[in-house]
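To keep things clear, I will list the structure first and then write my remarks on it.
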Amino acid sequence: MKDFMFIIRGQEAAQAKRTPEQTQGNMQKWMNWIGELSAKGQFVGGAPLSKEGKIVKGLKQVVTDGPFTEGKELLGGYLIIKANSMEEATKLTSGFPDFDIAFLEVREVIQMDMHQ
Amino acid sequence: MSAGDQPTPQQLVDHLFRHEAGKMIAVLTRVFGIHNIELVEDTVQETFLKALEVWKYGRLPDNPSAWLMRVARNRAIDLIRRQQKQTILSAEMVSVLQSDAEQVIQQFFLDSEIADSQLRMIFTCCHPDLNVEDQVALTLKTVSGFGVQEIAKALVSNESAIQKRLHRAKAHIKKHSIRFEIPVGGALQARLEIVYTVLYLLFNEGYHSVKSDELIRYDVCAEAMRLCKLLSEHAVGRQPSTFALLSLMCFQASRFDSRMDENDTIILLEHQDRNKWNRELIQLGSHYLGTAATGDHLSVYHLESAIAAEHCLSPDFKSTNWQSLLQLYDRLLELKPIPIVQLNRSIVLAQTNGVEQAIDAVLDIPGLHDLINHHYIYSVVLGSLYEQAGNIAEARRLLEIGYRLTPSLAEKKRLQGKILLMK
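Chains as they are written, first to last, in this note's numbering: chain A, 1 to 116; chain B, 1001 to 1423.
Here it is, written out as structure tokens:
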């Protein structure tokens, strides 16, 4: 099995203006999705990313506040998933609960083979 | 976290977030004041987002409710710290004030104090200066944690109308500096009556409203019951009328699932499958009605609950004690002399004194002509009485009016069936 990274980009959940009941519904979908992936041994890990950060850029290593990406593209978090192929990994995104406010980028994590 | 930690998806308790929202709003209002209700609501929203962010990638905390309350508490303390930075006081004074404030806030977040704050919120939403529509909407929003669109659905209204009501209510509370407190003495009794009215309306909205979908109606009934129970568990609300209202809700709710058949057609009491009635709720209703049987004040809720109990406890329609029901309706009519009670009493009268007297009783209702042309229930009941009396022409005329007026598809289906048989 290979590792794949699901990169979550989009608006923050705050933008969705959900009611408590809807927030709970959304949370339940997340838990179902991650729970099912875990049960199949395909969930490796993941974490949300804080929207505040710094950008370090250039040969002079200038530090600025950032990323201030346009809201719709903001990197919100990532998941690492095990799958046999890109096709299978892509299929596993179907349970992602936030397609209304965000999108996923699926990328294979390249395994380093040091003995080559 | 790593793979295999979490073999099956975890489940949140139903409506956990709604209920926690109500609690957090009440406690935070105690901290920031009712005039800062928007700040309070934002803080609750932030707490949920924080929970969502942390929980969704991993597992639930062992006690989600305690986790949410802790985050809300820390957020409150944090907001106060920031506020203190703009003070004219010395660092030493600030530190004293801050530690006092934090102690009080810790207290507010204790279970007993949470219940107290929720009661304050219920009483504030039911302030006599607010009109009843606003009281109901505000209660659903701030006590029950419903969102605007959910309130609109529950009250068969639209979002902008609900927004308007909430805005009006909040503005009034601010403008008149209405206090976030539990009234005392005579004012408490008067306020409790308003709370009963609001909870009764809320329950009926869920139970009888025919336009909204079944799921939200069920939620609203359950919520009215939950709030009534909350009231009954608090020293100031532990009163006979509270238990009477709670028992009434239990009896009514016991028949919730048997009122409709699989084609969404209304089933009349007479034809309901009594095996489908929820025994547990009927027992609870009896228990609460027993608890309510103290003191010397007989409220409308006592009488309405006793009427509901008579229906719920009869093994079948035939065994209903109509004589006892008629007596209950006679007393109810004294306390609540309104057309709908007269109409319901006439149905009982048909059983005890015959259909002719029942028809006369309906015809005696003041303003009947108007009522018949505006509320389907009057033409339907009178039409059915005429049908029993053998006056088919009059029966059909009235049932056709009812068919036109009823907003309920279920009722339309039922009436259509009847009318077709008459032709």
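Glycine included, each C-beta is placed from N, C-alpha and C at the ideal position.
(message) Helix, strand or coil, according to DSSP, for VAL1236(B) in the structure here?
(response) helix
(request) Helix, strand or coil for PRO1366(B), going by three-state DSSP, please let me know. (result) coil
(request) Check the Cβ of TRP1055(B) against every Cβ in chain A and list those closer than 8 Å, keeping chain order. (result) MET27, TRP30 and MET31
(message) On a Cα-Cα basis, can you pick out the residue from LEU1289(B), PRO1315(B), LEU1110(B) and MET1260(B) that is closest to LYS1412(B)?
(response) MET1260(B)
(request) Taking 8 Å as the cut-off, decide whether the C-beta atoms of GLN24(A) and LEU1012(B) are in contact. (result) yes
(request) Scan the stretch 1041-1053 of chain B for residues whose Cβ lies nearer than 7 Å to a Cβ of chain A and list them as they occur along the chain. (result) PHE1048, LEU1049, LEU1052 and GLU1053
(request) Mind the definition here: the stretch 1102-1117 of chain B touches the stretch 1155-1171 of chain B only if three or more C-beta pairs lie below 8 Å; say whether that holds. (result) no
(message) My output table needs one value for PHE954(B): the three-state DSSP class, helix, strand or coil.
(response) Because chain B is modelled from 1001 through 1423, residue 954(B) falls outside the range shown and cannot be assessed.
(request) Please state whether DSSP places GLU1102(B) in a helix, a strand or coil. (result) helix
(request) State the DSSP-derived secondary structure class of VAL1156(B), mapped to helix, strand or coil. (result) coil
(message) If we define contact as Cβ-Cβ less than 8 Å, is ALA13(A) a contact residue for chain D?
(response) Here the protein chains are A and B, and chain D is not one of them.
(message) At the level of alpha carbons, what is the spacing between ARG1396(B) and PHE1123(B)?
(response) 48 Å
(request) Look up ARG1168(B) in the DSSP assignment and say whether it is helix, strand or coil. (result) helix
(message) Would you call the stretch 1242-1252 of chain B in contact with the stretch 1303-1316 of chain B, where contact means no fewer than 3 C-beta pairs closer than 8 Å?
(response) yes
(message) Taking the straight line between their C-alpha atoms, what separation do you get for ASP100(A) and SER1379(B)?
(response) 48 Å
(request) On a CA-only basis, which of LEU1303(B), ASP1316(B), ARG1030(B) and ILE1080(B) is nearest GLU1334(B)? Give me that one, please. (result) LEU1303(B)
(request) Select from ASP1273(B), SER1254(B), ALA1021(B) and LEU1079(B) the residue whose C-alpha is nearest the C-alpha of SER1286(B). (result) SER1254(B)
(request) Kindly say whether ALA1021(B), judged by its beta-carbon, lies nearer than 8 Å to any beta-carbon of chain A. (result) yes
(request) Identify whether THR64(A) lies in helix, strand or coil by the three-state DSSP scheme. (result) strand
(request) May I ask you to list, following chain order, the residues of the stretch 1143-1165 of chain B that have a beta carbon less than 8 Å from some beta carbon of chain A? (result) GLY1145, PHE1146, GLY1147, VAL1148, GLN1149 and GLU1150
(request) With DSSP collapsed to three states, give me the class of ALA1003(B). (result) Legend: pLDDT at ALA1003(B) = 42, less than 50; position of this residue unreliable, no value from coordinates given.
(request) Please classify HIS1176(B): is it buried, with 16 or more other beta-carbons within 10 angstroms of its beta-carbon, or exposed? (result) exposed
(request) State yes or no: is the C-beta of ALA1292(B) within less than 8 Å of the C-beta of ALA1244(B)? (result) yes
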